[in-house]
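J.: Residues 155 to 356, numbered by the working numbering, are exactly what the sequence shown covers, in order. For each residue, glycine too, the CB sits at the ideal point set by N, CA and C. Dropping the structure in here first, questions after.
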Amino acid sequence: MMIFVGLFSAYFHMTLSFVGQMLDELSILWVLAMGYSIWFPRKLFPSFIKDRSTFSRLVLVIAIITTLSSFVKPTANAYALNCFGLHLLYTLAVEMRCCTDQKVLRLAKLSVALWVLAISCWISDRFGCSFWQRLNFCYLHGIWHILIVIAVAYGSTLIAYLDANYEIPYSLPGLQYWPCDKWAVGLPHIVLKGTTKTQKRC
């Protein structure tokens, strides 16, 4: 799905068309919705939701309503994305209070810092465009794209790790970074250190 986000984003920025904008923005919404449906920890579901299929249907309904609303009022997608983002920040804040794993804490801090930087670039570009044009610095939107892709990669890995930690703790999930685990920055991924059955229960 991230490949589609990149392709649709490239199409939008090459054509600057309304269709391109919708494809770009809605693909981001659907990637987030899929991530929510698959990896959001069951322990954190609202009290009226008992299983993942019900939660997934709720997320699907919200994504469909937002998609349809975006064709009438394109800013609806931005509101939905920010609601997803703020909810994930709240979830991370709650979860990280009881976490002692330094790798997980570092990934959470990096995810939040990148998200804040990305949103700052987007807001500054959106509302201060004429100021940045006078300075002949028209790169904030491009910087936003780079930062938000990294933040999504980090954040989705973190949420998937939390889900694995709750759903299959006997598989001993852990975080590692590619290409080198000792580097301060890299591409995070989950490793399962346990040798027992690792099938997730939905």
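Per DSSP, what kind of secondary structure is V173 in: helix, strand or coil?
T.: V173: helix per DSSP, three-state reduction.
J.: Can you give me the Cβ contacts of S181 inside the same chain, cut-off strictly under 6 Å, excluding the 5 residues immediately before and after it?
T.: Around S181: F158, V159, F162.
J.: With a CB to CB cut of under 8 Å and the five nearest residues on each side skipped, what residues in its chain are close to M188?
T.: The residues are M155.
J.: Would you call W298 buried or exposed, if buried means 16 or more other Cβ atoms sit within 10 Å of its Cβ?
T.: With 16 or more other Cβ atoms within 10 Å, it is buried.
J.: Spatial neighbours of E249 within its chain, please: CB distance less than 7 Å, with the 5 preceding and 5 following residues excluded, ordered by chain position.
T.: The residues are L316.
J.: Count the other CB atoms, across all protein chains shown, that sit within 10 Å of the CB of D205; report buried if there are 16 or more and exposed otherwise.
T.: It is exposed - the Cβ of D205 has fewer than 16 other Cβ atoms within 10 Å.
J.: Helix, strand or coil: how does DSSP classify G296 here?
T.: Looking at G296 - three-state DSSP - the assignment turns out to be helix.
J.: Taking the straight line between their C-alpha atoms, what separation do you get for W357 and G296?
T.: Within the shown structure, residues of the chain are numbered from 155 to 356, placing residue 357 beyond reach of any answer.
J.: For F199 and F291, what's the separation of their Cα atoms in angstroms?
T.: The straight-line gap from Cα to Cα measures roughly 43 Å.
J.: Taking 7 Å as the limit between beta carbons, can you name the residues of its chain near T220, skipping five residues before and five after?
T.: Taken in chain order, the residues that qualify are L183, A230, N231, A234.
J.: By the DSSP assignment, the beta strand (DSSP E) with V339 in it spans what residues?
T.: Looking at the DSSP string, V339 is not in any beta strand (DSSP E), and its letter there is neither H nor E.
J.: Would you call the segment 253 to 263 and the segment 323 to 330 in contact, with 3 or more CB pairs under 8 Å?
T.: Yes, since at least three Cβ pairs between the segment 253 to 263 and the segment 323 to 330 fall closer than 8 Å, the two stretches touch.
J.: Who pairs with P327 in a beta bridge, going by DSSP?
T.: In the DSSP output, where bridge partners are listed per residue, P327 has L346.
J.: Using DSSP bridges, identify the partner residues of W332.
T.: DSSP, once it has assigned bridges, lists L341 as partnering W332.
J.: Which two residues bound the contiguous alpha helix (DSSP H) that contains G282?
T.: No alpha helix (DSSP H) contains G282, which DSSP labels as neither H nor E.
J.: Ordered along the chain, which non-local residues of its own chain (more than five positions away) have a Cβ less than 6 Å from that of Q175?
T.: Here the set comprises F166.
J.: Here's the rule I'm using: 16 or more other beta-carbon atoms within 10 Å means buried, otherwise exposed. How should N236 be labelled?
T.: It counts as exposed.
J.: Buried or exposed: where does V213 fall if 16 or more other Cβ atoms within 10 Å of its Cβ makes it buried?
T.: When all chains shown are included, V213 counts as buried.
J.: Pull up the distance between the alpha-carbon of V333 and that of C253, whole angstroms please.
T.: The question names Val, but residue 333 in the sequence shown is Pro. If you take the alpha carbons of P333 and C253, they lie about 25 Å apart.
J.: Under the assumption that G348 contacts Y320 (Cβ atoms under 8 Å), give the Cβ distance between them as a whole number of angstroms.
T.: So it is not a contact: roughly 15 Å between Cβ atoms.
J.: What's the C-alpha gap between L314 and I273?
T.: The sequence given here has Ala at residue 314, not Leu. Between A314 and I273, the C-alpha separation is close to 23 Å.
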